[in-house]
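Student: Heads up: take any position in the sequence shown, counting from 1, add 52, and you land on my numbering.
Every residue gets a Cβ at the ideal spot worked out from N, C-alpha and C, and that includes glycine.
The structure displayed is predicted, hence computed values, not measured ones.
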Amino acid sequence: MYWKNSMKDRLIGHFTQGRPGPLVILIGGLHGNEIEGVRATERVFEQLKNYTINGEVIGLRGNLAAIAQHRRYLAYDLNRCWTEAHLRFLRSGAIEHSKPEDQEAIALLKIIDHYAEQSFSTKIIADLHTTSAQKGSFVIVPEYFANHPVVEALHIPIVVNMEYFLRGTLLNYSCERGFISFAFEGGQIGSLDAIDLHEAGIWSILLEAGVIEDAPANFKEDCASYLQQLASGLPNRVTAKSMHVVHEGANFSMKEGYFNFKPVYKGEVLAKDKDGPIVAPQDGLIFMPLYQKEGSDGFFIVDLQE
Ligand SMILES: [Zn+2]
Numbered sequence: 053m054y055w056k057n058s059m060k061d062r063l064i065g066h067f068t069q070g071r072p073g074p075l076v077i078l079i080g081g082l083h084g085n086e087i088e089g090v091r092a093t094e095r096v097f098e099q100l101k102n103y104t105i106n107g108e109v110i111g112l113r114g115n116l117a118a119i120a121q122h123r124r125y126l127a128y129d130l131n132r133c134w135t136e137a138h139l140r141f142l143r144s145g146a147i148e149h150s151k152p153e154d155q156e157a158i159a160l161l162k163i164i165d166h167y168a169e170q171s172f173s174t175k176i177i178a179d180l181h182t183t184s185a186q187k188g189s190f191v192i193v194p195e196y197f198a199n200h201p202v203v204e205a206l207h208i209p210i211v212v213n214m215e216y217f218l219r220g221t222l223l224n225y226s227c228e229r230g231f232i233s234f235a236f237e238g239g240q241i242g243s244l245d246a247i248d249l250h251e252a253g254i255w256s257i258l259l260e261a262g263v264i265e266d267a268p269a270n271f272k273e274d275c276a277s278y279l280q281q282l283a284s285g286l287p288n289r290v291t292a293k294s295m296h297v298v299h300e301g302a303n304f305s306m307k308e309g310y311f312n313f314k315p316v317y318k319g320e321v322l323a324k325d326k327d328g329p330i331v332a333p334q335d336g337l338i339f340m341p342l343y344q345k346e347g348s349d350g351f352f353i354v355d356l357q358e
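1. On the criterion of 16 or more Cβ atoms from any shown chain inside 10 Å, does ASP61 qualify as buried, or is it exposed?
2. Take the Cβ of ALA120 as the centre, count every other Cβ of all protein chains shown within 10 Å, and call the residue buried at 16 or more, exposed below.
3. So for PHE141, helix, strand or coil by DSSP?
4. Going by CA-CA distance only, name the one from VAL193, VAL203, SER243, ILE353 that's closest to THR221.
5. Quick one: grab the DSSP three-state call for SER305.
6. By Cβ distance below 7 Å, which residues in the same chain neighbour MET295 in space, the five residues on each side in sequence not counted?
7. Please say whether VAL263 and ASN131 have beta carbons closer to each other than 8 Å?
8. Answer yes or no: do LEU223 and VAL109 have a C-beta to C-beta separation smaller than 8 Å?
9. Beta strand (DSSP E) containing THR68: first to last residue?
10. Using 8 Å as the threshold, is the segment 87-103 in touch with the segment 124-143, meaning 3 or more CB pairs across them?
11. With a threshold of 7 Å, establish whether the CB of GLU359 neighbours any heavy atom of ligand 1.
12. Under the rule that 16 or more other beta-carbon atoms within 10 Å means buried, what is GLU251, buried or exposed?
13. Which ranges does the beta strand (DSSP E) cover as unbroken runs of at least 3 residues, wholly within the segment 176-256, from first to last along the chain?
14. Quick check on the burial criterion: 16 or more other C-beta atoms within 10 angstroms. Buried or exposed for SER233?
15. Take the Cβ of LEU244 as the centre, count every other Cβ of all protein chains shown within 10 Å, and call the residue buried at 16 or more, exposed below.
16. Pull up the distance between the alpha-carbon of TYR54 and that of HIS181, whole angstroms please.
17. Which word fits LYS175, buried or exposed, when buried means at least 16 other C-beta atoms lie within 10 angstroms of its C-beta?
18. If LEU282 and SER171 are in contact, beta carbons under 8 Å, what's the gap, nearest whole angstrom?
19. By DSSP's criteria, ARG289 is part of a beta bridge. Which residues make up the other side?
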C-alpha cells in the first residue's frame, strides 16, 4: 500500500487474503489518552491470521503524537476538526501545516479518501473511544445507520442525533464519504474492562459484517452475550437533546457522582464554572459528563427514544 511505509507507526494491522468482501477500518486513540481501543485492536490482529478472511481489515492509531504523551490532543481535538473549512485548510498544499494535529489529520484524511474511492461489499469505519465518566459503553451513530445490523450487533446503548451538537467528528466525515461509521465507546478511560469490551465489539463487527469466513460455532453468540451482560440496565436507544459547551478559561468543574445515563432533573445543579452553578436545562439522562481537564463538551442530556 502506498501509505504503508510512511504510516508504519500509525498502522496497527492490515490484513487481507485477497478474497472479496467488506472493508473494516478500526481507529483507536483518535483521542490520545483513550488507548483501550488500540490495545483491543492489537489483540484482534494477533488472532486474525487464524481465520479465513473476506475483504480487508485495517487497524490504525489515530493521534500518534498525543498517544505518545497520554493526552487527549496537543494543539486541537482530532475528533472535532473534520469540518469543511478545516479540510480545505488541510488539503491546501500551499499552506504551512505547523500544528501536530495537522499532520495527524492529513495522514488519516489520505487513508479515508483513498478507501472512499475503492469498492467493497460494505465499508465500515469504527472509531474506538473511551470516556472520562463511568458506564461509558455506547455507540454514537447517525440515526440513518442506527438500525444497521453491525451497529445492533454491539448490543450496547445506541445514541443518535449527536451530530446536531458535535461538529467536525471523524464519523460524520466518514459517513459523508460513504462509509458506515460510528463512534464505539468501550467504557471508562484506563479500565481493563474497556479493552475486553472493545475486543468483543470488534469481533462482533467483523462477524456481523461477514469478514470471518470460518468463525467457530457460538463465537458470535458468545461475544453478544458478553456485551449484553455489560450493558444490562442501560437504555437501548437514546437521542441527544442538549449540550453544555465549555468555553476556554471557563474553569468548568462537573459535580462528583454523575455517570452516563444517570437520570437528572430540570434545575438540578450538575456543574459549576467561573460564572456560578450550571443546572440541567431539562429532565433526561446525563451523558458524557466531563471529568477531565481537556475537552469542550461539558455534558449532554439525552432522552429515551420513543
Ligand atoms: Zn474520545
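Tutor: Taking the structure as given:
1. For the purposes of this step, residue 61 is taken as the residue at position 9 of the sequence shown. Under a 10 Å Cβ-count criterion, ASP61 is classified as exposed, with fewer than 16 other Cβ atoms of the shown protein chains found around its own Cβ.
2. What you label residue 120 is simply residue 68 of the sequence shown in a count that begins at 1. Around the C-beta of ALA120, fewer than 16 other C-beta atoms lie within 10 Å, and the residue is accordingly described as exposed.
3. Sequence index remark: in the sequence shown, residue 141 carries index 89 (1-based). DSSP places PHE141 in helix when its eight states are reduced to three.
4. Counting from 1 along the sequence shown, the entry for residue 221 is found at position 169. Check the Cα spacing between THR221 and each of VAL193, VAL203, SER243, ILE353: the tightest is with VAL193.
5. Indexing the sequence shown from 1 puts residue 305 at position 253. DSSP, read as helix, strand or coil, puts SER305 in strand.
6. Looking up residue 295 in the sequence shown gives position 243. Contacts found: PHE217, ASP349, PHE352.
7. On the sequence shown, residue 131 is found 79 positions in, with the first residue counted as 1. On the sequence shown, residue 263 is found 211 positions in, with the first residue counted as 1. Against a cut-off of 8 Å, the Cβ pair of VAL263 and ASN131 comes out as no contact.
8. Here the question's residue 223 lines up with position 171 in the sequence shown. Here the question's residue 109 lines up with position 57 in the sequence shown. Annotated as distal: LEU223 and VAL109, with beta-carbon spacing of 8 Å or more.
9. Counting from 1 along the sequence shown, the entry for residue 68 is found at position 16. From DSSP, the beta strand (DSSP E) with THR68 extends over 63-68.
10. Segments in contact, no.
11. Given that the chain is displayed from residue 53 to residue 358, the structure contains no residue 359 and the question cannot be resolved.
12. Sequence index remark: in the sequence shown, residue 251 carries index 199 (1-based). So GLU251 ends up on the buried side.
13. If we require 3 residues or more, the beta strand (DSSP E) runs fully inside the segment 176-256 come out as 189-192, 210-212, 232-240.
14. If you number the sequence shown from 1, residue 233 lands on position 181. So SER233 counts as buried.
15. Sequence index remark: in the sequence shown, residue 244 carries index 192 (1-based). Label assigned to LEU244: exposed.
16. Counted from its first residue, the sequence shown places residue 54 at position 2. Counted from its first residue, the sequence shown places residue 181 at position 129. Confidence at TYR54 is low in this model, with a pLDDT of 44, below 50, so the placement of that residue is unreliable and no value is reported for it.
17. Stepping through the sequence shown from its first residue, residue 175 is reached at position 123. With a threshold of 16 other beta carbon atoms within 10 Å, LYS175 meets it and is buried.
18. Numbered from its first residue, the sequence shown carries residue 282 at position 230. Numbered from its first residue, the sequence shown carries residue 171 at position 119. Separation of the CB atoms of LEU282 and SER171 is rounded to 35 Å, and the pair is thereby denied contact status at 8 Å.
19. Position 237 of the sequence shown, counted from the start, is the residue given in the question as residue 289. Answer is ILE210.
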